[in-house]
Amino acid sequence: MKKVFSIAAIAFTVLALAGCNKDAETPYNNPDDGVKAVTVKIKGANLTKANMTPDNSYNATANVTKLDIYFTNSNDVIQYVYSVSSTAQGDDKTAWDGLVANDGSGVRFVGLTNISRVYVVANDDAALSKGEDIASLSSKYTEVRSLLESNAILYVGADRSLDGADNEPADDVDATVVVGDAEEASQYYTAVLSIRPVISRLEIEKIGVKIAGEAPVELDGTKYTIKWEGFKPDLYGIYMSNFYQSMLPVEPSSSSFFATPAGNHLNTQGLWDTANDKVTILAENNVNNVSLYVNNESGTYGNLFDESYNHTEGNTFYYYYQDEATTCVPFNFFVPFNVEETDQDIAADNTLMPAAGQNDPHFHFVFYFKPDGDYTVTVYDETGTTPVEDENIVDQLTANLRFNTESGIYFANMTQFNTDASTKAEIKPNSIYKMSEVVINPFNVTTGTVTENAYNIIVRVTVVNYNEIPVLPSFGN
């Protein structure tokens, strides 16, 4: 049975006025003109998806717990807000059921003026207010809840071209809500939209260094083998850069990125601080809550500095080791998409992603290393059996392996995802890049955040479904 209720008026008043005839019809030539009634229908399977967790990224248990519906003018300035949650009671519960039912008739919102667009946001703790621009959604979201500390996924969808009807439609909706001052409408519209997750995520299950090992090198056409022992720096954090700062940029472009800092200047505008006796680098430009992972323990997320995660296996020391993937080190990041895409577009993988959207987030593993007598580097001939005695050759080959800077701060930089050893992955919205293991050796480490020896993640990408795909990492030489 259809329920009618009002935010600003009591129910019997709404019922008394719901059937009134319209004295005049307002022309459709200006979409913001006139008093409107808009029926909102949320379609698509995304409402039946759940939290992402390391062992089950995206399953079929519903976990959309809150909906915020924003009615905006043609400039995306919010005119009305309606919020409802899964725990609603009474009339609000009726509206909730009508909104989340994929096969429902929708919910009609009455009394709207100066509106022409509808946005729906799910699972957001930071509801916007009248007068705000819908584009401020991303900044509000990151202010209230760190993207790193949450596994509740934010969904967004929109209808920016409402379908109008010349006459009052039949009374066939699941509920009617009065949100404006007027309790009747001269125009009737329908907003049909699909919502989808707004983030992608990198998940890391194992982070370690190769304490001892060897690698082939070449100098002036001659091949050598370098062997090292005692490489065990302190991991101070993982820093993300080169990602979109907004989930809804007006025109996605390089100016929308949080750029990778030049050299080793991660702290140019930030601060040095301590956490669990480790020095952590806070990110610049007030995005430290989405760009730096240092000491985060919540549910399925592990504390990077907790020694209980330490593990040694042969010559590999793991700072963070999860054999059964019960926790992970997560990085969520925005990948802009067309919010008007329907569930059919999404199912067909028609993401309509602008060229500028093919952007690779960068990840910088931050280390502190002041070598003692346990750290040694030896140059051998190609066979790895005869030590090289020419000090000039040894100096040239080991110049970047001495770790003798005053600061002791070094970086291993991950700048690209690949689908295999040579094919670059396409970065898309709604995708998990699941990395089972990162093992860093001395050749992967540099004094700055940008290096020609870029570390590439090998990842298989699946869009929208959040399928977990194993990620096979390797460092370039």
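Counted the way mature numbering (1 follows the signal peptide of the UniProt record, and there is no 0) counts, the sequence shown spans residues -18 to -1, 1 to 459. Where is the CB? At the ideal position from N, CA and C, for every residue including glycine.
Beta-bridge pairing of residue i - partner residues as DSSP gives them
| i | result |
| --- | --- |
| residue 295 | 298 |
| residue 95 | 17 |
| residue 358 | 211 |
| residue 115 | 59 |
| residue 90 | 21 and 158 |
| residue 369 | 362 |
| residue 390 | Residue 390 is not bridged to any residue. |
| residue 311 | 186 |
| residue 304 | Partner(s): none; residue 304 has no beta bridge. |
| residue 376 | Note: residue 376 sits in no beta bridge, so no partner. |
| residue 460 | The structure shown does not extend to residue 460, since the chain is modelled only from -18 to 459, so the question has no answer here. |
| residue 102 | 51 and 139 |
| residue 85 | Answer by DSSP bridge pairing: none, since residue 85 is not bridged. |
| residue 145 | 172 |
7 Å Cβ cutoff met for residue i and residue j
| i | j | result |
| --- | --- | --- |
| residue 385 | residue 353 | yes |
| residue 57 | residue 96 | no |
| residue 396 | residue 316 | no |
| residue 218 | residue 102 | no |
| residue 343 | residue 222 | yes |
| residue 141 | residue 117 | no |
| residue 319 | residue 411 | yes |
| residue 359 | residue 387 | no |
| residue 161 | residue 87 | no |
| residue 119 | residue 53 | no |
| residue 106 | residue 136 | yes |
| residue 104 | residue 46 | yes |
| residue 181 | residue 420 | no |
| residue 496 | residue 92 | Since the first residue shown for the chain is -18 and the last is 459, residue 496 is missing from the structure and cannot be characterised. |
| residue 183 | residue 414 | yes |
| residue 376 | residue 208 | no |
| residue 112 | residue 51 | no |
| residue 390 | residue 425 | no |
| residue 298 | residue 192 | yes |
| residue 176 | residue 17 | no |
| residue 364 | residue 214 | no |
| residue 422 | residue 311 | no |
| residue 212 | residue 301 | no |
| residue 321 | residue 138 | yes |
| residue 518 | residue 68 | Beyond the ends of the chain as shown, which are -18 and 459, falls residue 518; an answer cannot be given. |
| residue 144 | residue 171 | yes |
Endpoints, the beta strand (DSSP E) within which residue i is located
| i | result |
| --- | --- |
| residue 54 | 48 to 54 |
| residue 60 | 60 to 67 |
| residue 422 | 420 to 422 |
| residue 347 | 344 to 350 |
| residue 409 | Per DSSP, residue 409 belongs to no beta strand (DSSP E) and is neither H nor E. |
Limits of the alpha helix (DSSP H) - the one that residue i falls within
| i | result |
| --- | --- |
| residue 141 | Here residue 141 belongs to no alpha helix (DSSP H); instead the beta strand (DSSP E) covers 137 to 141. |
| residue 82 | 72 to 82 |
Original post:
At which residue ranges does the segment 154 to 224 contain complete beta strand (DSSP E) runs of 3 or more residues, listed in the order of the chain?
Top reply: 157 to 160, 169 to 176, 181 to 186, 188 to 192, 195 to 201, 204 to 211 and 216 to 223
Original post:
Touch check for the segment 18 to 26 and the segment 65 to 78: three-plus C-beta pairs under 8 Å?
Top reply: no
Original post:
Just checking, does the segment 195 to 203 make contact with the segment 286 to 296 on the three C-beta pairs under 8 Å criterion?
Top reply: no
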